[in-house]
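For the sequence shown, counting from 1, position 79 maps to 437 in the working numbering; every step adds exactly one.
These notes are about the structure you will find just below.
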Amino acid sequence: MASNVIEQSTKQRGCLDNADLFQHRLLEEPPTASAPADERRQHLMMTRKAENLCIECPIMTQCLYNAVVRYDVAGFVAGTTVRQRHEIRARLGITVTPEDFDTLAGVTARHRQVDHDEVVRLRNANPHESLETLAHRLGCSLSTVKRHLRRHRHEAASKAPAPKKHTPTMTEVLTAYREVTRGIPARRAA
């Protein structure tokens, strides 16, 4: 009995053992309807193999929850395609914004409009940096940074608390997953 528990806990996940499958270009970007039949057939076979590996994975449900609720993941994850995860989110009434790695890294394009939320986010992430440093990082003037921060303070002072966002439970995510993967039509609002 103890060896069975150890064997299951050390069992590798399908996506790790089969990285070449899960990172294959056909699973990352499925072929269009106009793609050659052999390519579409190969995609279907690869998708089925990946689905089977995911279903056998001991952390599939947590992986699915994270891929639907927490992170906007690309490719085939937790037995779902990008399209299926979007449909699951639509059924749950949630949105997940993709990570903005350029902004996190401080990379910006020259002569572009400075995003208000970006200024506020950078200030909150770097409260000890000077406003001049933030302006330099954003590629704008010091007065632009000050203007955005004044606007943020004014909005925060006059804003009522926002309604709390509903975070779906694991059961809700699994129910939506079953509906989407089995082709059950979405319920219509009354």
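Here a beta-carbon is modelled for each residue, glycine too, at the ideal position from N, C-alpha and C.
All figures in this text were calculated on a predicted structure; none of them were measured in a lab.
**OP:** Look up Val435 in the DSSP assignment and give the residues it is bridged to.
**Re:** Thr438
**OP:** Locate the alpha helix (DSSP H) running through Ser488, then write down its first and last residues.
**Re:** That residue, Ser488, is in no alpha helix (DSSP H); it is neither H nor E in DSSP.
Original post:
How far does the alpha helix (DSSP H) with Gln400 in it reach, from first residue to last?
Top reply: 395 to 414
**OP:** Could you pull out every residue in the same chain whose Cβ sits closer than 6 Å to the Cβ of His474, ignoring the five residues on either side in sequence?
**Re:** His506
Subject >> Three-state secondary structure assigned by DSSP to His382 >> reply: coil
Original post:
What's the gap between the Cα of Ser392 and the Cα of Val440?
Top reply: 20 Å
**OP:** Just the C-alpha distance for Glu414 and Lys407, rounded to the nearest angstrom, thanks.
**Re:** 11 Å
**OP:** Examine the Cβ distances between the region 486 to 505 and the region 525 to 537 and report whether three or more of them are shorter than 8 Å.
**Re:** no
Original post:
Do you know how far the Cα of Glu513 is from the Cα of Pro456?
Top reply: 25 Å
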